[in-house]
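A.B. asks: Submitted below is the structure of interest, expressed as structure tokens.
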Amino acid sequence: MPDSLIWTGCMVLSFDLLLAFTLFAFVTSITPGPNNMMLLASGVNFGFSRTLPHMLGISIGFFVLVLAVGFGLGSVFKAWPLLYTILRYVGAAYLLYLAWKIATSGPASDNVDSQGKPLSFMSAALFQWVNPKA
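Right, here's the structure in full:
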């Protein structure tokens, strides 16, 4: 087997393809998106320690999403296209809901609501499944 190929168990990836995927994953993980904006707001409003579960939820949720795709979630969507369509509409509806909540919220007040809570670990992990950037 040539040195430029990497055996992954099911298929062989060229080093160029692996490098391209790695660079793509890195760039998309550091550019602003829904996760970055939510973490920024949560960190500013609640501090680092209270935002840590949110941050870990994003990391673990994205990892599980990548594993699911790697183990054949795409094949499931090809076999049942209706399931993929439903997931797309649920994701779009959730994003519209978030946009509506932001658009109709009142002006930001100077005092932070002490009753507010950052996104939980599970909520952040599940958000990855409807995040268009993920």
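In the working numbering, the protein residues as written are 157 to 290. Ideal placement from N, C-alpha and C gives every residue a C-beta, glycine not left out.
Which residue comes first and which comes last in the alpha helix (DSSP H) that contains P190?
C.D. replies: To locate residue 190, count along the sequence shown from 1; it is residue 34. It spans P190 to F202 - the alpha helix (DSSP H) in which P190 sits, taken as one unbroken run.
A.B. asks: Let me confirm a value: I258 is counted as buried when at least 16 other C-beta atoms fall within 10 Å, else exposed. Which label applies?
C.D. replies: Locating residue 258 in the sequence shown gives position 102, where the first residue counts as 1. When all chains shown are included, I258 counts as exposed.
A.B. asks: Run the proximity test for F202: is its beta-carbon closer than 7 Å to any non-hydrogen atom belonging to the ligand ADP?
C.D. replies: Absence of the ligand ADP is noted for the structure shown, with no ligands found whatsoever.
A.B. asks: Using the three-state DSSP reduction, which class does M157 fall into: helix, strand or coil?
C.D. replies: Working through the sequence shown from its first residue, we reach residue 157 at position 1. Unreliable positioning characterises M157 in this predicted model, as indicated by a pLDDT of 49, which lies under 50. The coordinate reading is nonetheless provided below. Here M157 sits in coil by DSSP.
A.B. asks: Does the contact criterion of 3 or more C-beta pairs under 8 Å hold for the stretch 235-255 versus the stretch 175-182?
C.D. replies: no
A.B. asks: Around the Cβ of T260, are there at least 16 other Cβ atoms within 10 angstroms (buried) or fewer (exposed)?
C.D. replies: The sequence position of residue 260 within the sequence shown is 104, counting from 1. Exposed is the call here.
A.B. asks: Any idea if T187 is buried or exposed, counting beta-carbon neighbours within 10 angstroms, 16 or more meaning buried?
C.D. replies: Walking along the sequence shown from the start, residue 187 turns up at place 31. T187 should be labelled exposed.
A.B. asks: Apart from the five residues on each side of it in sequence, which residues of its chain come closer than 6 Å, Cβ to Cβ, to D138?
C.D. replies: Only positions 157 to 290 of the chain appear in this structure, which leaves residue 138 out of reach.
A.B. asks: Going by the beta-carbon positions, is the gap between L195 and H210 smaller than 8 Å?
C.D. replies: For the purposes of this step, residue 195 is identified with residue 39 of the sequence shown, where counting begins at 1. For the purposes of this step, residue 210 is identified with residue 54 of the sequence shown, where counting begins at 1. Contact: yes.
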